[in-house]
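In my numbering, the protein residues as written are 1216 to 1608.
Report on the structure given below.
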Ligand code: KG4
Ligand code: ZN
């Protein structure tokens, strides 16, 4: 099966073409990324200190058709020529792209000048994420599916992070269910019990800020640019090289008998520390380290507890914050000490943050199950929760 996947939930526009063989989840399953085009919008958001929804929407609209061309070209599947857009189809496309001026111009030009590619299915992120951003991908996918007569699959962004983290090279890592997955991103902090592919039970989640959001906000307090996660992590690592921690911050909810998280209080405590003394470069390092120590301690402690309670052998960490090297080291160290033999899977660094390859995987899984979306009614769901959306249990 060849699938074209589209991701526009936040500030990365991604389009990829993947070829998959065998049945998803079976030992014979293999996949190959034939073309992968990704465009980060970070430079457009830096002046706002975070993702600005209207800008995200505009940039996705501009990038989608060119990235489709790039991904298909890389896959040797792009053929310039007359697209087969009939007058009837043109009317349908105008309806789909009715409210999207930029996207309409780009997509109509692309569809008019591109011979339909030899793909079997189109997958697109429908949520969770920023709704105006998500709609760009959803409507681009609807237009493409209409013009090329292809079936469409709706993908949950968080399921994409999970599935990608559970892969090694060209296959799914051989791991036994149930697993625990910790999904940590700019908008989420979820601990989930995975009973099988596509069967999830939400154990706990953040009650306020997501973990990536907390990293980004603390980075702003420290006058570091967006996105703050990597910046905090870099300073924290420098501070650790220099010796013992100088500042200690509280670990919210760490001892509570549940799997929920709270990071708003930690951010407030960090702000108090920041405001208590002049912010020198040295102090920035101390604070970054204190924040990362506290945040990672809470994440790892709760994950370990879930591993023990559910007797799992595998932990899968996904989402942009899984790029954090300290959480990787700490989780592995503490798993080894407490439950030796339990393995922790992380995505390759190059695909820890948002991309379209992670969307192609659930796309293949759902397409093989015949779980197709209706082109006419497909929509974006900003708050779509993984457990609700994927509540197959
Ligand atoms: O998954 P993602 O790319 O987008 C969302 O779906 O939200 O995650 C982005 C988040 C940002 O908050 C960013 O600061 C954080 O991931 N992040 C990191 C690191 N790299 C990215 N946080 C901590 N340490 C990192 N190395
Ligand atoms: Zn993400």
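Idealized CB from N, CA, C, for every residue including glycine.
Near the ligand ZN: residue 1537 beta-carbon under 7 Å from a heavy atom: No.
Residue 1561 CB to nearest heavy atom of the ligand KG4 below 7 Å: Outside the cutoff, so no.
Simplified DSSP assignment, three categories, for residue 1605: Here residue 1605 scores only 48 on pLDDT, less than 50, and its place in the model should not be relied on; the value that follows carries that caveat. Judged by DSSP in its simplified three-state form, residue 1605 adopts coil rather than helix or strand.
Three-way DSSP call (helix, strand, coil) for residue 1236 in this model: Of the three classes helix, strand and coil, the one that applies to residue 1236 here is strand, per DSSP.
Residue nearest to residue 1404 in terms of C-alpha spacing, selected from 1412, 1418, 1436 and 1441: Here the closest residue by C-alpha is 1418.
Interface flag, residue 1506 vs chain B, CB-CB below 8 Å: Going by chain labels, chain B is absent from the structure shown, which holds only one protein chain.
One or two residues paired with residue 1611 in a DSSP bridge: Any answer about residue 1611 is impossible in this case: the structure gives the chain only from 1216 up to 1608.
Residue 1314 - DSSP class collapsed to helix/strand/coil: Residue 1314: coil per DSSP, three-state reduction.
Continuous alpha helix (DSSP H) assignments of at least 4 residues falling wholly in the region 1450–1510: Fully enclosed alpha helix (DSSP H) runs of 4 or longer: 1479–1491.
Residue 1373 beta carbon less than 8 Å from that of residue 1343: Judged by their CB atoms, residue 1343 and residue 1373 are nearer to each other than the 8 Å cut-off.
Any heavy atom of the ligand ZN nearer than 7 Å to the CB - residues listed: In chain order, the hits are 1224, 1225, 1372, 1376, 1400, 1401, 1534, 1535, 1568 and 1569.
Straight-line Cα distance separating residue 1408 from residue 1526: Cα to Cα, the separation comes out at about 11 Å.
contact_flag[the region 1538–1552, the region 1279–1299] where n(CB pairs < 8 Å) is 3 or more: Short answer: they don't touch.
As assigned by DSSP and simplified to three states, the class of residue 1255: For residue 1255, the three-state secondary structure derived from DSSP is strand.
Euclidean distance between Cα positions of residue 1350 and residue 1340: Using only the alpha carbons, I get a separation of about 9 Å.
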